[in-house]
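Protein sequences appear in the order of chains D and B.
Following our numbering, the numbering of the first sequence begins with 1 at its first residue and continues without gaps.
Following our numbering, the numbering of the second sequence begins with 1001 at its first residue and continues without gaps.
Backbone N, C-alpha and C define an ideal beta-carbon position, used for all residues, glycine too.
All values reported here derive from a predicted model rather than from experimental measurement.
First up is the structure itself, then whatever we jot down about it.
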Amino acid sequence: MTVALSGKGVAEEISKRFPGSVVSSDEMTIVVSCDKLFAVAEFLKTSDLTMDYLVNLTSVDYVDYFEVVYHLVSIKRNHSLTLKTRLYGREKPSVASVTPLWRGAELQEREVYDLMGITFEGHPNLKRLLLWEGYPGHPLRRDYL
Amino acid sequence: METTQLRTEPFVINLGPHHPSTHGVFRMRVVFDGEVVVDVEPMFGYLHRGIEKLAEGRTYTQIIPLTDRLDYLAAMSNNWGYVMAVEKLASVPVPERAEYLRIIVGEMMRISSHLLATGFLINELGAFFTPLMYMYREREKLLDLFDMLCGQRLTYNYMRVGGVSHDPPPEWWPAVKRFVQEMPSYIDDYENLITTNEIVLSRTKGVGVLSRELAINASASGPFLRASGIDWDLRRDDTYSIYNRFKFDIPIGTNGDVYDRYMCRVKEMRQSVRIIEQALQQVPKGEFRSNVPHLIRPPVGDVYGHIEAPRGELGFYLVSDNSIAPYRFHVRPSTMINLTTLRDLTIGWKLADLIVIFGSVDVVLGEIDR
């Protein structure tokens, strides 16, 4: 059975390494500030938490902000963690790409870029996935239609 | 005699979206040097229906038929993954009998889906449709059983939040029993036909190898991951429903080539038969659905529910704002993520191998494009 790590416990560890990076945490999840996301993700992957498997990457439009959600699992140690980051501003939301860490993010980040309009800095091939180039708007945003 | 140096130039072929080997409407832009693949770029979106957006305007129960249209070769598993996520979000109990029914139809679905994956492998090796018909013969029996259960052959809409839609008719149980008794001998037939076939061996052994490290790093899942030697199956490693009550093995491969993927699928079919056999003996009498209000209003929050679908990890991420429709509905498409490594697997192989390697990923476009 995959053990869901306590977000609070991991948040403490992260705060020690990267002061001021944790925005909030609860039993299941950690929310980190978007400029520290890549560093935190790299820490989760390379430290002895060994989050070697990125299960799912998606985004939610909460109108005030966009939330990018990362579901991480360690196949080696069989535990899981949900990492989130919030992006403010509707014009050009952007966050660091985690594709250099987990190749599995490649197509999922392209999908988020396509349907939610979030730019992933450092992605090797960031273009629309499901819709065609030049399609007006990003359909999964709450203000679309 | 002096040999003349031949100069070749790379050229581009558009494979699909209407190519018969692409299992739907999948398009690849392939660069060839002679017959050798130099570059592959997958193109998605020809079957994009905006299901994630549509779901935001429907109630939790109305979304169930939409999930049928994701992976339409394993619609029961898609139903199941979705209702499990909603049950997790709204804390809905599921009666014992419903759990058993779900396991039985879920494993039947896995057999039906793997039958097609196996059959189309032979098809893609060039044995057009005649061997495939053997697999279709058994799949037909399974579809008849699903038809008896819920009146549908492809899009079942069978699972409900808190249970299933119908109790099976009395004649369903002996029919399933008969199928389970017959199935192992049919799997023997396929193995006699394929497993030691010289042409199959030479075309699939060592072809399209996915390394252990890349498989994990690229978030591969399902038989595609296990063929690379990674012992990871959500039915055991993140047990859901009542899978912990059954004895079954998880077949894994060693080389991560097309042949290992085929073997994993065949062995998984045998394990599924084993699970159904055990479930048929244990299934209790009682309710098949718990009392759930027509309009479900889960508390504010988000949930990620996942199951081991035939093609890999199928996940549903739901966000609720305490209204009757989800605020956000996201599907983790297992086969789309498996295709991340398509380029790594196929570069350096010939066009005919590209078709086989792509087929061994076992994609369904309904799920990829949503």
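- By the neighbour-count criterion, in which 16 or more other beta carbons inside 10 Å mark a residue as buried, B:Asn1217 falls on the buried side.
- Leaving aside the five residues that flank B:Glu1099 on each side, the residues in its chain whose CB is nearer than 6 Å to its CB run, in chain order, Ser1241, Ile1242.
- At a beta-carbon threshold of 7 Å, the residues of chain D lying near B:Phe1044 are Leu129, Leu130, ordered along the chain.
- In this structure, the straight-line span from the alpha carbon of B:Thr1341 to that of B:Val1164 is close to 37 Å.
- Nearest C-alpha to B:Met1183 among B:Leu1201, B:Pro1223, B:Leu1142, B:Gln1281: B:Leu1142.
- Under the three-state reduction of DSSP, B:His1114 is assigned to helix.
- Per the C-alpha coordinates, the member of D:Ile30, D:Val63, D:Lys8 positioned closest to D:Arg90 is D:Val63.
- The beta carbon of B:Gly1050 sits closer than 8 Å to some beta carbon of chain D.
- The residues His1306, in chain order, have a CB closer than 8 Å to that of B:Asp1238 in the same chain once the five nearest residues on each side in sequence are set aside.
- Among the CB atoms of chain B, one or more fall inside 8 Å of the CB of D:Thr58.
- What B:Val1319 touches in chain D, judged by beta-carbon distance under 7 Å, is Val60, going in chain order.
- Within the model, the alpha-carbon separation for B:Val1180 versus D:Glu111 is close to 41 Å.
- Put simply, the stretch 1218–1228 of chain B touches the stretch 1264–1274 of chain B. At least three CB pairs are less than 8 Å apart.
- Judged by DSSP in its simplified three-state form, D:Ile14 adopts helix.
- Exclusion of the five residues before and after B:Ile1111 leaves Met1269, Ser1272 as the residues of its chain whose Cβ lies within less than 6 Å of its Cβ.
- Taking the Cα of D:Phe43 as reference, the smallest distance to any Cα among D:Arg128, D:Tyr144, D:Trp102 is reached at D:Trp102.
- Contact with chain D is found for B:Gly1315, since one of that chain's Cβ atoms lies less than 8 Å from the residue's Cβ.
- About 5 Å separates the beta carbons of D:Val69 and D:Lys84, which is inside the 8 Å limit, making them a contact pair.
- C-alpha of D:Met116 to C-alpha of D:Lys92: approximately 11 Å in a straight line.
- In its chain, beyond the 5 residues on either side, Ala1075, Asn1078, Asn1079, Thr1155, Tyr1156, Asn1157 have a beta carbon closer than 7 Å to the beta carbon of B:Asp1068.
- In its chain, beyond the 5 residues on either side, Val1319 have a beta carbon closer than 6 Å to the beta carbon of B:Arg1328.
- If you keep only unbroken beta strand (DSSP E) runs of at least 3 residues inside the stretch 88–128 of chain D, you get 94–96, 119–121.
- Per the DSSP secondary-structure output, B:Asn1338 pairs with nothing in a beta bridge.
- Listed as beta-bridge partners of B:Met1043 by DSSP are B:Arg1027.
- Comparing C-alpha distances from D:Gly104 to each of D:Ser24, D:Ala11, D:Tyr53 shows the shortest one belongs to D:Tyr53.
- If you draw a 10 Å sphere on the C-beta of B:Ile1337, you find 16 or more other C-beta atoms in it, and that means buried.
- One Cα belongs to B:Glu1313, the other to B:Ile1064, and the distance between them is close to 18 Å.
- Contact between the stretch 1084–1096 of chain B and the stretch 1125–1142 of chain B is absent: fewer than 3 CB-CB pairs across the two stretches fall below 8 Å.
- Distance from the Cα of B:Gly1162 is smallest, within the candidate group B:Gly1057, B:Leu1365, B:Asp1033, B:Val1094, for B:Val1094.
- Cβ contact annotation for D:Met28 (same chain, cutoff 7 Å, sequence separation greater than five): Ala4, Gly7, Thr82, in chain order.
- Residue B:Leu1047 holds the alpha-carbon nearest to the alpha-carbon of B:Val1364 among B:Lys1247, B:Leu1047, B:Gln1152.
- Between D:Met51 and chain B, the shortest Cβ-Cβ separation is not below 8 Å.
- About 15 Å separates the beta carbon of D:Pro136 from that of B:Lys1053, a gap too long to meet the 8 Å contact definition.
- In chain order, Tyr1304 make up the part of chain B whose C-beta sits under 7 Å from the C-beta of D:His71.
- Within 9 Å of the CB of B:Ile1252, no CB atom of chain D is found; the nearest one sits about 13 Å away.
- Check the Cα spacing between B:Trp1173 and each of B:Thr1008, B:Tyr1134, B:Ile1276, B:Ala1220: the tightest is with B:Ile1276.
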